[in-house]
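To start, the structure under review is shown below, and the notes come after it.
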Amino acid sequence: MNKVVLITGGARGIGSAIALELAKHGYDIVINYLTSKQPAKELKEKIESQYHVRCLTICADVSDVDQVNIMVSEIEEKMGGVDVLINNAGISANKKIEDTTSEEFMHIMDININAMYNTSKAVTIYMKKQGYGVILNTSSMVSKYGQPSGIGYPTSKFAVNGFTLSLARELASYNIRVNAVAPGITNTDMVKKLPQEMIEPLIKSIPLGRIGEPKDIANAYLFLASDMASYITGVILSVDGLARS
Numbered sequence: 075m076n077k078v079v080l081i082t083g084g085a086r087g088i089g090s091a092i093a094l095e096l097a098k099h100g101y102d103i104v105i106n107y108l109t110s111k112q113p114a115k116e117l118k119e120k121i122e123s124q125y126h127v128r129c130l131t132i133c134a135d136v137s138d139v140d141q142v143n144i145m146v147s148e149i150e151e152k153m154g155g156v157d158v159l160i161n162n163a164g165i166s167a168n169k170k171i172e173d174t175t176s177e178e179f180m181h182i183m184d185i186n187i188n189a190m191y192n193t194s195k196a197v198t199i200y201m202k203k204q205g206y207g208v209i210l211n212t213s214s215m216v217s218k219y220g221q222p223s224g225i226g227y228p229t230s231k232f233a234v235n236g237f238t239l240s241l242a243r244e245l246a247s248y249n250i251r252v253n254a255v256a257p258g259i260t261n262t263d264m265v266k267k268l269p270q271e272m273i274e275p276l277i278k279s280i281p282l283g284r285i286g287e288p289k290d291i292a293n294a295y296l297f298l299a300s301d302m303a304s305y306i307t308g309v310i311l312s313v314d315g316l317a318r319s
């Protein structure tokens, strides 16, 4: 029986790359999305045509605890449960603090932190019953170095790191591993929206001389999800080409 992986925000960018890479290695895939219905449909078709795995798409707002609980119950009913959770849904921002409203700041917290809490709590119940599980969170290199503007995003990613380290300690005795991947600047739609004056200095700081590709990040998730990482928990794995702010 294949292991089942739930990827929040899994229809595009890094989430899509993770879904394809894990499907390639025999994981059954659940793609959570909110607004990307067509990309989710196309990704499901691609996965099912290329790999001998099951793929389910579910529209749910992961910042809404009720929708999350319904989603996880549906996965248990249709797929048998969740073996691996990848908390990938997230949003960014680049406004200066004086231009950022309280509502905008809290929206970032809802998607980047509260959603991670909601999904992790929901799947932990099932993982404890089966005596095994993996939870992987999406951090960022800005969780270590900050960024020149858009304070909500690095703040949320600092919180992701603390959440990861603490939950890893809490769940270790249940054979549930919790880690995070901290991508550097990566060639995604989110990054393409950032101003060039923010991106170019970052590229110059990377010894490998390029920004990352979604597959680079997906490979890190594949490793941490697998039994090759069975003795690794509470780690924030940087995948950034040795980028430094």
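Position one of the sequence shown corresponds to residue 75 (this note's numbering), numbered consecutively onward.
For glycine and all other residues, C-beta sits at the position ideal for the given N, C-alpha and C.
Values in this document were obtained by computation on a predicted structure and should not be read as measured data.
**Request:** Compare the C-beta of Phe237 with all C-beta atoms of chain B and state if any pair is closer than 8 Å.
**Result:** No chain B appears in this structure, which consists of one protein chain only.
**Item:** CA-to-CA distance, Met272 to Ala195, given in whole angstroms
**Value:** Position 121 of the sequence shown, counted from the start, is the residue given in the question as residue 195. Position 198 of the sequence shown, counted from the start, is the residue given in the question as residue 272. According to the sequence as given, residue 195 is Lys; it is not Ala. If I take the Cα positions, the gap works out to 35 Å.
**Asked** Do you know offhand how far Pro275's Cα is from Tyr200's?
**Response** Locating residue 275 in the sequence shown gives position 201, counting from the first residue. Locating residue 200 in the sequence shown gives position 126, counting from the first residue. Our two residues, Pro275 and Tyr200, have alpha carbons roughly 44 Å apart in a direct line.
**Message:** With the cut-off set at 8 Å, would you say Ala189 and Val136 are in Cβ contact?
**Reply:** Position 115 of the sequence shown, counting from 1, holds the residue named residue 189. Position 62 of the sequence shown, counting from 1, holds the residue named residue 136. Yes. Within cutoff.
**Message:** Quick check: the Cα distance between Arg251 and Thr131, rounded to an integer number of angstroms?
**Reply:** Indexing the sequence shown from 1 puts residue 251 at position 177. Indexing the sequence shown from 1 puts residue 131 at position 57. Rounded to whole angstroms, the separation of the alpha carbons of Thr131 and Arg251 is 25 Å.
**Request:** Check the C-beta distance from Val127 over to Asp102 and give it rounded, since I have them as a contact under 8 Å.
**Result:** Against the sequence shown, residue 127 aligns to sequence position 53. Against the sequence shown, residue 102 aligns to sequence position 28. Indeed, because the Cβ distance is near 5 Å, the residues count as touching under 8 Å.
**Request:** Please go through the same chain and pick out, in chain order, the residues whose beta-carbon is closer than 6 Å to the beta-carbon of Tyr248, but skip the five residues on each side of it.
**Result:** By 1-based counting over the sequence shown, the position of residue 248 is 174. Lys202, listed in sequence order.
**Asked** Are the beta-carbon atoms belonging to Leu311 and His99 less than 8 Å from one another?
**Response** Translated into the one-based positions of the sequence shown, residue 311 becomes position 237. Translated into the one-based positions of the sequence shown, residue 99 becomes position 25. Between Leu311 and His99, the C-beta spacing is not below 8 Å.
**Item:** Given Ser223 as reference, the closest of Asn106, Tyr305, Val265 and Ile171 once Cα atoms are compared
**Value:** Against the sequence shown, residue 223 aligns to sequence position 149. It is Ile171.
**Message:** Please list the terminal residues of the continuous alpha helix (DSSP H) segment that includes Arg243.
**Reply:** For the purposes of this step, residue 243 is taken as the residue at position 169 of the sequence shown. Here the alpha helix (DSSP H) through Arg243 covers Gly226 to Leu245.
**Request:** Would you decide whether Arg86 is buried or exposed? Buried here means 16 or more other CB atoms lie within 10 Å of its CB.
**Result:** If you number the sequence shown from 1, residue 86 lands on position 12. Label assigned to Arg86: buried.
**Request:** Classify Ser213 as helix, strand or coil using the three-state DSSP reduction.
**Result:** Here residue 213 is taken as the residue at index 139 of the sequence shown, counted from 1. In the three-state DSSP reduction, Ser213 falls in the coil class, being neither helix nor strand.
**Request:** Could you please give me the residues that DSSP links to Asn106 through a beta bridge?
**Result:** Against the sequence shown, residue 106 aligns to sequence position 32. Under the DSSP definition of a beta bridge, Asn106 partners with Ile132.
**Asked** According to DSSP, is Thr193 helix, strand or coil?
**Response** For the purposes of this step, residue 193 is identified with residue 119 of the sequence shown, where counting begins at 1. In the structure shown, Thr193 sits in a helix (DSSP, three-state: H, G or I).
**Prompt:** Hey, Asn106 and Ile88: beta-carbon distance below 8 Å or not?
**Reply:** The residue you call residue 106 lines up with position 32 of the sequence shown. The residue you call residue 88 lines up with position 14 of the sequence shown. No, the pair does not count as a contact, with Cβ atoms beyond the cut-off.
**Message:** Rounding to the nearest angstrom, what Cα-Cα distance links Tyr191 and Pro281 in this structure?
**Reply:** Taking the sequence shown and counting its residues from 1, the one referred to as residue 191 is at position 117. Taking the sequence shown and counting its residues from 1, the one referred to as residue 281 is at position 207. Cα-Cα distance, rounded: 35 Å.
**Prompt:** Taking DSSP as the reference, what is the three-state secondary structure of Gly286?
**Reply:** Locating residue 286 in the sequence shown gives position 212, counting from the first residue. Strand, per DSSP.
**Asked** Between Asn186 and the rest of its own chain, which residues show a CB-CB distance below 6 Å, the 5 nearest in sequence each way excluded?
**Response** For this step, residue 186 is matched to residue 112 along the sequence shown. Within the same chain, and ignoring the five residues on either side of Asn186 in sequence, the residues whose Cβ sits closer than 6 Å to its Cβ are Gly164 and Ser230.
**Asked** Just curious, the alpha helix (DSSP H) that Val142 is in, first and last residue?
**Response** What you label residue 142 is simply residue 68 of the sequence shown in a count that begins at 1. Looking at the DSSP string, the run of the alpha helix (DSSP H) that includes Val142 is Val139 to Met153.
**Request:** From the DSSP output, in three-state form, read off Val255 for me.
**Result:** Reading the sequence shown from its first residue, position 181 is the one you call residue 255. In the structure shown, Val255 sits in a strand (DSSP, three-state: E or B).
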